[in-house]
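Residues 564 to 1312 in this note's numbering are what the sequence shown lists, from first letter to last.
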Amino acid sequence: MKIRMPCVALRNLAQGLSFSIRYHSKRNHLQTVCLPSKIKPPKCSILDCSGHTRTQRTVPPGSILPWRCFSCKQEETKIPSKRKQNTSITSELLYKNLLKSEQKNWNDVSARYKAMTKRIKEKLEELHKYTFSLGSPRIRFGNNVYFEEDGCIFLSKAGDDEGNVDILFSTEDHGFSNAFIRRMRISPDETYMAIGLKSENSEEATCIILKLGHFPLMEKVIPNVFSFEWATSDVLYYTSQKNLKCQNVFMTTFTDQKHTKLVYTEQDPRFFVDLHCTKDRRFLTINSNSKTTSEVWLVDCRHPFKLPALVQARTKGVIYHIEHRNNELYILTTYGEPAEYKLMKAPVASSGTENWQLVYALEKKTKLVDLEMFRDHCIMFLKNAGHLYLNVLSFVSHSVQSIKLPMWACEFELESRPEHTTSTCYFQLTSPVHPPKCFAYSFKENNLIEQAVQEVPIIMNYHTTRLLAKSEDETLVPITVFHNMNSKELHRKPLLVHVYGAYGIDLNMTFKEEKLMLIEEGWVLAYCHVRGGGELGLSWHKDGCQHNKLKGLCDLKACIMLLHELGFSQPKYTALTAASAGGVLAGALCNTNPELVRAVVLQAPFVDVLSTMMKTHLPLTIEEQEEWGDPLADEKCMKYIKSYCPYQNIKPQCYPSVFITAYENDQRIPLTGVLRYVQKLRKAALCYASRTSKKGNWVPNIILDIQANGSHCDSSWEDSLNEVARHLAFLNKELEEVCHLQHQSKSCK
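Here it is in structure tokens:
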């Protein structure tokens, strides 16, 4: 069982094409709730194969999913048609003028970064040659191994050391040259393969059905598909995605009598539907999830045309995920006390909460990062005080073995869809400055094995430090710091601070070539695990969302101040970086404590919270209310959002320099809001500079780089490389100017 939810919003900078997006719910742990008695919720419908509704069950409302951010649909206002038309034309003209103005501004200023951008790109490309040598993840299927490289899917035999491969599919040859492979599922008898394709400029994906054989043939193309799983060798279930929502499940057959039918629909807009197949392939699960509530329906893969069976009716505040073993359901859930994830089990025939029995409970302040079920074992990847652990539960001996993973490890990656009966679990460990390293756990030997890999000719001479900063309310906030072990006078070194703090999602700490390059060049990297994120579990997220958002801001301030106090750089050499919803805290800090940082880099930032959350016609606004609140229904909520919203709190003062990358085709972050934010920020900074003009006075650079290609979650390696190189060139130039101004000031004296 993977703890699966739709993909995390933060894009991995400078990352190559992904083979299969893994859906992690970066959530932790349990809540006790009472069954609702007076709620009148919307209904979901289960349909039989004829398309007729057979049963209806009421479901209590939930909320959002942590990965989801914001739509960029154009605003609509209910006004008379002529006025509406005129207003629409005026708004469109203003938008186009702003867009052209910012594009011209970028063309004017980009020349100053050109030479440094080129140098950084060359170095990153050189690093990438070595660090990408591990290749793409493999899917083992019996004696066959499937893998993807450069838009092609290959088939090889397990244990073949001669490198013999067959090409099964090519995006370019099949007319999908602008798409990349996001997901792949093989039917149980390997007759068919379902391939998820996604373009860089859209979040809508296409599912290609390939009939395998000596000459693979494209059998069917299904548009707007989010997730898909094979129930049998010729029956595929899939979900359709529209306007960033996923609420319908379809079944399509590839027998002699081919047909497609709607089998499930979710009518509550706060819930998102995806599919998962249990490891033993006994059941296909239809998962309807909000951020805090979930409901699972089972499709028996032996009888794929029967109606799905409900495991447990949704209860507000209870999350659960399902796996299967020996006619028992294993349930990873937040049900009961304490408020941490637990592994429970129940008979398939009587799966209600009254029959859930505890199998394993996590220790306090331990974060469950991921979980994988095997025939006789369950592996849990845990995080405690910043350290990664591997817990192995044996269903045979009923024992638990806990293994502390290497100190340097910050993230892990399991082998893609490991076989249910395997005797060895393979995974990779990584950190922002440590390339992925392969490990294996042997169930037979009960030990951890470090895999021999090709030597990477990179000197990784760095030190990892884990700190705790005391926030305003005495809460201790974790910080992970990396720096070169040979560095002296760290207080004079540039510092790059990372923050996110939303949706219960951990900061992304996978390996990036640019992070290693920065360490080699003497930078200090700090990752601030503030409230609102998921690093310390469900309570950590809850303590930083809705009416607690300002706690995340206090945490960030405390982290930066502690770093400076301990001698890690100083404000004039400090830069802050954030992406997506991380832009809320980064933008808020610029308003409240601009003196703490010299420069800021934001990627597709959410900086106009209040306006977005007041537009309920946008497809994701209602779902986002559990993270940010509902300002239309609650005046206190409106005032609270307004108190920290980056756009709302811009004022004339000495701001740091800011570099923002935004995307024309971003379906989550409205480009109009980013444009307004940049205009207002630049005006405030110039206003302050004009009031306090002195010789040698510094004026911040406010730069917006609008990319025609790329989207909120995905981009090609080349686009990511260019983007990262521009960011680093900007930061280097800003810190160079600090030294120049200091020298100029001394000369004046």
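Just so you know, even glycine gets a beta-carbon here, dropped at the ideal spot from N, CA and C.
- Contact between the stretch 1216-1234 and the stretch 748-767 is present: 3 or more CB-CB pairs across the two stretches fall below 8 Å.
- Linking S733 to E711 through their CA atoms gives a straight-line distance of about 10 Å.
- Residue pairing by DSSP places N707 opposite F704, K720 in a beta bridge.
- Under DSSP, Y883 forms a beta bridge with T896.
- Inter-segment contact for the stretch 918-936 and the stretch 895-902 is present: three or more beta-carbon pairs are separated by less than 8 Å.
- As DSSP reads the structure, R938 sits in no beta bridge.
- For V1147 against A1065, the beta-carbon gap comes to about 7 Å, under 8 Å, which counts as contact.
- Collapsing the DSSP output to three states places D752 in coil.
- Spatial neighbours of D729 in its own chain (CB-CB distance under 8 Å, excluding positions within 5 residues in sequence) are listed in chain order as F717, L718, S719.
- Residue burial annotation: E926 is exposed, with fewer than 16 other C-beta atoms found within 10 angstroms of its C-beta.
- Of the candidates T1184, P751, K805, L1101, the residue whose Cα lies closest to the Cα of A768 is K805.
- As DSSP reads the structure, C1001 sits in a beta bridge with Q991.
- Here the alpha carbon of R1161 sits roughly 13 Å from the alpha carbon of K1056.
- Taking 4 residues as the shortest admissible run, the stretch 1148-1221 contains the following complete alpha helix (DSSP H) segments, listed from N- to C-terminal end: 1172-1176, 1184-1191, 1198-1207.
- The beta carbon of P1134 sits closer than 7 Å to the beta carbons of H1127, E1158, L1159, V1160, R1161 from its chain, once the five residues preceding and following it are set aside; these are given in chain order.
- W1086 and G1096 do not touch by the CB rule: their CB atoms are close to 23 Å apart, not below 8 Å.
- Apart from sequence neighbours up to five positions away, the residues of its chain that approach S803 with a beta-carbon distance below 6 Å are N787, N811, ordered along the chain.
- 8 Å or more divides the Cβ of D1171 from the Cβ of Y1218.
- In the DSSP assignment, W793 is bridged to L799.
- Inter-residue distance for Y923 and G1150 is about 41 Å (C-alpha atoms, whole angstroms).
- A distance below 8 Å separates the beta carbons of I683 and A1292.
- In this structure, T1073 places its C-beta atom within 8 Å of the C-beta atom of T993.
- Taking all protein chains shown into account, R1245 has 16 or more neighbouring C-beta atoms within 10 Å of its C-beta and is therefore buried.
- The beta carbon of V798 sits closer than 6 Å to the beta carbons of T816, P867 from its chain, once the five residues preceding and following it are set aside; these are given in chain order.
- Secondary structure of N1049 (DSSP, three-state): coil.
- In this structure, the straight-line span from the alpha carbon of T818 to that of Y800 is close to 14 Å.
- Look at L1129 here: in three-state DSSP terms it is coil, with no helix or strand label.
- If you look at H983, you'll find it isn't in any beta strand (DSSP E); DSSP assigns it neither H nor E.
- The C-alpha of C1108 lies about 43 Å from the C-alpha of V708.
- For the 8 Å CB-CB criterion, L951 and A972 form a contact.
- Apart from the 5 residues on each side of it in sequence, G726 sits with its Cβ closer than 8 Å to the Cβ of S719 in its chain, given in chain order.
- Contact annotation, T754 with K774: C-beta distance approximately 7 Å; criterion of less than 8 Å satisfied.
- Membership of V1087 in any alpha helix (DSSP H) is not indicated; the residue belongs instead to the beta strand (DSSP E) covering 1087-1091.
- A1141 sits away from V1093, with the two beta carbons spaced by 8 Å or more.
- DSSP places I1042 in the strand class (E or B) of the three-state scheme.
- Counting C-beta atoms within 10 angstroms of its own C-beta, Q1270 has 16 or more neighbours from the protein chains shown and is therefore classed as buried.
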